[in-house]
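Be aware that the sequence shown starts at 451, since it is given in my numbering, and climbs by one per residue.
Here's the structure we're looking at; comments come further down.
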Amino acid sequence: MILTVATAPFEGQKPGTSGLRKKVTVFREPHYAENFIQSIFDSLDGFTGQTLVIGGDGRFYNAEVIQTAIRMAAANGFGRVMVGQNGLLSTPAASHLIRKYKAFGGIILSASHNPGGPDGDFGIKYNAGNGGPAPEKLTDAIFARTKTISSYRITTSPDINLGRIGETRLEGMVVQVVDPVADYAALMQTLFDFDAIRDLIASGFTMKFDAMGAITGPYAHRILEGILGFPQGTVMNGTPLPDFGGHHPDPNLVHAKELVDIVMPPGGPDFGAASDGDGDRNLIIGRGMYVTPSDSLAILAANATLTPGYAQGLAGIARSMPTSCAADRVAERLGIGAYETPTGWKFFGNLLDAGKATLCGEESFGTGSNHVREKDGLWAVLMWLNVLAKRHQGVAEIVTAHWREYGRNYYSRHDYEEVDAEAANGLMKALREQLPSLVGQHGISMADDFSYDDPVDGSRTTHQGIRLIFADGSRIIYRLSGTGTAGATLRVYIERYEPDASRHAIETQVALADLIALSRALAGIEARTGRAAPTVIT
Numbered sequence: 451m452i453l454t455v456a457t458a459p460f461e462g463q464k465p466g467t468s469g470l471r472k473k474v475t476v477f478r479e480p481h482y483a484e485n486f487i488q489s490i491f492d493s494l495d496g497f498t499g500q501t502l503v504i505g506g507d508g509r510f511y512n513a514e515v516i517q518t519a520i521r522m523a524a525a526n527g528f529g530r531v532m533v534g535q536n537g538l539l540s541t542p543a544a545s546h547l548i549r550k551y552k553a554f555g556g557i558i559l560s561a562s563h564n565p566g567g568p569d570g571d572f573g574i575k576y577n578a579g580n581g582g583p584a585p586e587k588l589t590d591a592i593f594a595r596t597k598t599i600s601s602y603r604i605t606t607s608p609d610i611n612l613g614r615i616g617e618t619r620l621e622g623m624v625v626q627v628v629d630p631v632a633d634y635a636a637l638m639q640t641l642f643d644f645d646a647i648r649d650l651i652a653s654g655f656t657m658k659f660d661a662m663g664a665i666t667g668p669y670a671h672r673i674l675e676g677i678l679g680f681p682q683g684t685v686m687n688g689t690p691l692p693d694f695g696g697h698h699p700d701p702n703l704v705h706a707k708e709l710v711d712i713v714m715p716p717g718g719p720d721f722g723a724a725s726d727g728d729g730d731r732n733l734i735i736g737r738g739m740y741v742t743p744s745d746s747l748a749i750l751a752a753n754a755t756l757t758p759g760y761a762q763g764l765a766g767i768a769r770s771m772p773t774s775c776a777a778d779r780v781a782e783r784l785g786i787g788a789y790e791t792p793t794g795w796k797f798f799g800n801l802l803d804a805g806k807a808t809l810c811g812e813e814s815f816g817t818g819s820n821h822v823r824e825k826d827g828l829w830a831v832l833m834w835l836n837v838l839a840k841r842h843q844g845v846a847e848i849v850t851a852h853w854r855e856y857g858r859n860y861y862s863r864h865d866y867e868e869v870d871a872e873a874a875n876g877l878m879k880a881l882r883e884q885l886p887s888l889v890g891q892h893g894i895s896m897a898d899d900f901s902y903d904d905p906v907d908g909s910r911t912t913h914q915g916i917r918l919i920f921a922d923g924s925r926i927i928y929r930l931s932g933t934g935t936a937g938a939t940l941r942v943y944i945e946r947y948e949p950d951a952s953r954h955a956i957e958t959q960v961a962l963a964d965l966i967a968l969s970r971a972l973a974g975i976e977a978r979t980g981r982a983a984p985t986v987i988t
């Protein structure tokens, strides 16, 4: 039986850089999730009888909302729902399913790298038919609908058994439960030289992968330990748990400390990696060497032709504006396009679809390519393994050799989390007002609020972060994050280019010390936010 349930709008159901994210307690309010899902369906055209992919990262409340989304898809006229077994799908795997099976789109239940559990975060986002996050035109339409919605449609059917692979029917709609890993694993084997990686393992190469109690556990167990043959125990924290086992599933040096403490010391494994809550981010480290996401993008781009999937070369490289300029130097050397976009993977979609870019990356531990339309944590790990296998060098050797060839972009991000939103917005407003007067001071040659003109569709996106660019190429960037669920997160990015190889071994915070001090003084961070130091430094 299909019901039409009366409802009323909730305030604040505005999607951020990748969907709607709120506390679990908010999503558990009656009608809250249903309102947002119905608003997605009401903003789409032509999906009757079509396929919808649904899956999530297994966080708390994932199981309940997946059942709700399935019942609402049936009530709204979809012909088929493809859902991961036990409701599990990594974000890049969901993107691949949408693309491979030509689905109309997909609903992904995740708050990415945010904490889980009853008091943690939850999220819902819609991915379009290209497999990528909904473009701003669609998210704007969804938000507008949330403000006027008066009812939603849902069936009264019992829960579907998502533990059993196969097909069932629900109100005329087919519910297809699929192995969440199989199609993704097959794709990876077309992109990378698994035989070369097996030879690397046979030579005695060791690694640790930290799934952080999140979605990539099943993928890493199947691909790293199963198909490639790394020893059992290579994958840490490999069972997805509703609260991620207490981990904050953000793969950085702070939250992946357990992995870092294993890999970084002398005598540790040769290679270490981690991924986040929904599987789209990555941390790359080697014995004694942390690879920044900005450097990782540049190094993978410079070595891409060592892998089967990219042997013909790259069409271009795209990076988010706050990401360091290291990849730009590789693009210049290769004679290919370099694109600077706002933060948010959706901005790469047009470039990838138009064939202008092949590799993309964000400083927030996200790297990916045109194989899907999302960033992809395990893809980055496998690409690094392929490069290591072909170059017969360790991580530190490859990184330092890259710096010698291209110069080093010293780079750091300072996050001030859960700052009072009014104070954070006031800080950004004051900075914008200062911009004209800052040029000529402290060596600043350009100061602006970044705007992006999409080279494919001509759309313009404004107010994407304040840039202070210095005459020597150094940069200070300020922006407010769109991924938090409490207060505001102020992100400050500091970068300095150093061509002199004799100066490449300086500790990053020391190399950037004067710019860090200037970044705090110019914005009046402590005076305006009450924060004397960042919450997290990466």
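We put the beta carbon where it would ideally sit given N, CA and C, even for glycine.
Keep in mind the model is a prediction, meaning the values are calculated, not measured.
- Between Q959 and T793, the gap from beta carbon to beta carbon reaches 9 Å or more.
- When only Cα atoms are considered, L733 and H864 end up about 17 Å apart.
- Taking 9 Å as the cut-off, the Cβ atoms of L747 and R769 count as close.
- Boundaries of the alpha helix (DSSP H) around M878: A871 to L888.
- Here the alpha carbons of A525 and G827 stand approximately 34 Å from one another.
- Pairing I599 with P459 gives a Cβ-Cβ distance under 9 Å.
- Annotation: Y740 to M833 spans about 16 Å, alpha carbon to alpha carbon.
- In this structure S819 is buried. Its beta-carbon is surrounded by 16 or more other beta-carbon atoms within 10 angstroms.
- A buried status is given to N859, since no fewer than 16 other beta-carbon atoms sit within 10 Å of its beta-carbon.
- Secondary structure note for Y576: its beta strand (DSSP E) is the uninterrupted segment D571 to N577.
- Collapsing the DSSP output to three states places V685 in a strand.
- Spatial neighbours of H697 in its own chain (CB-CB distance under 6 Å, excluding positions within 5 residues in sequence) are listed in chain order as M662 and G663.
- Per DSSP, F497 lies in no alpha helix (DSSP H) and is assigned neither H nor E.
- DSSP places D660 in no alpha helix (DSSP H) but in the uninterrupted beta strand (DSSP E) bounded by M657 to D660.
- Nearest to F477 by C-alpha distance, out of A544, D571, H546 and K550, is D571.
- Per DSSP, F721 lies in no alpha helix (DSSP H); the unbroken beta strand (DSSP E) holding it starts and ends at F721 to S725.
- For N732, the enclosing beta strand (DSSP E) covers residues N732 to G736.
- When rounded, the separation of the alpha-carbon atoms in A781 and V627 is 42 Å.
- L968 sits in a helix when the DSSP states are folded into three classes.
- DSSP assignment within the region 531-586 yields the following whole beta strand (DSSP E) runs of 3 residues or more, N-terminal first: 555-559 and 571-577.
- By the Cβ neighbour-count rule, H842 is exposed, with fewer than 16 other Cβ atoms within 10 Å of its own.
- Residues of the same chain with a CB within less than 6 Å of the CB of Q517, apart from the 5 flanking positions on each side, are D609 in chain order.
- When DSSP states are grouped into helix, strand and coil, N859 belongs to the strand group.
- Distance from G505 to A544 at the Cβ level is roughly 5 Å; contact confirmed, criterion being Cβ atoms closer than 8 Å.
- Counting along the chain, Y669 sits inside no beta strand (DSSP E); it lies in the alpha helix (DSSP H) bounded by residues T666 to A670.
- The region 800-809 and the region 904-911 touch, with no fewer than 3 CB-CB distances between them shorter than 8 Å.
- As for any beta strand (DSSP E) of minimum length 3 sitting wholly inside the region 818-856, there is none.
- For Y902 against T791, the beta-carbon gap comes to about 6 Å, under 8 Å, which counts as contact.
- Q535 has its alpha-carbon roughly 7 Å from the corresponding atom of R614.
- With a cut-off of 8 Å on Cβ pairs, the region 845-858 is in contact with the region 937-954, counting three or more such pairs.
- Straight across, the Cα-Cα distance linking T979 with A561 is about 26 Å.
- L453 counts as exposed, since fewer than 16 other beta carbons sit within 10 angstroms of its beta carbon.
- Bridge pairing for M771: absent [DSSP].
- Excluding five sequence positions before and after A776, the CB atoms of its chain that fall closer than 6 Å to its own CB belong to S744, D745, A748 and N859, given in chain order.
- The alpha-carbon of V704 is positioned some 8 Å away from that of I987.
- For V455, the three-state secondary structure derived from DSSP is strand.
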